[in-house]
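In this note's numbering, the protein residues as written are 1 to 155.
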């Protein structure tokens, strides 16, 4: 968990039936990891605490999630804007690129709790029943629930 840090890297790890990573803070990178059957959402991007002094969760800014492989889990691979309602600062400047989501349920890939804008690259792929689906095309198709503010960015 990146609770109070910044400029952290989580690279080249295997998360086997684990609780995954909870992210807060500035300039974080999560890349080249393998997440298998997580016991929670493998990557939970927290909403930030609006208190300027000693926040519990620092607002997330400049987060890169790239080249990760998410193997089936009953939980969404990414939860964006996680945390109690009292944490109101949405994550910003997120780049999610070159990831592979091997999903049982296409609705369980990304769970948007609270967020503004982020860059969801066309290079993310979803594997389902040995077929690769481009995540941008899927989200734009309205097959899974996506906030309208995000859907507008996909056009």
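Yeah, the Cβ is synthetic: ideal placement off N, Cα and C, and Gly gets one too.
Residue of 45, 54 and 13 minimising C-alpha distance to residue 68 | Among 45, 54 and 13, the Cα nearest to that of residue 68 belongs to 13.
What is the DSSP secondary structure of residue 99, counted as helix, strand or coil?
-> Three-state DSSP puts residue 99 in coil, outside helix and strand.
Opening and closing residue of the beta strand (DSSP E) in which residue 11 lies | 9-11
Work out the CA separation of residue 26 and residue 49 for me, nearest whole Å.
-> 13 Å
Residue 73 beta carbon less than 8 Å from that of residue 42 = A contact, by the Cβ cut-off of 8 Å.
Which of the three DSSP states, helix, strand or coil, is assigned to residue 69?
-> strand
Using three-state DSSP, classify residue 33 as helix, strand or coil.
-> coil
Specify, as a first and last residue, the run of the beta strand (DSSP E) that residue 81 falls within.
-> 78-82
Mind checking residue 79: buried by the 16 CB within 10 Å criterion, or exposed?
-> buried
Measure the C-alpha to C-alpha separation of residue 17 and residue 23 and round it to an integer number of angstroms.
-> Their backbone Cα atoms lie some 18 Å apart in a straight line.
Beta-bridge partners of residue 45, as assigned by DSSP = 23 and 80
Would DSSP call residue 109 helix, strand or coil?
-> coil
Going along the chain, which residues of its own chain have a beta-carbon closer than 7 Å to the beta-carbon of residue 62, five neighbours each way excluded?
-> 26, 27 and 93
Helix, strand or coil: which one does DSSP assign to residue 53?
-> coil
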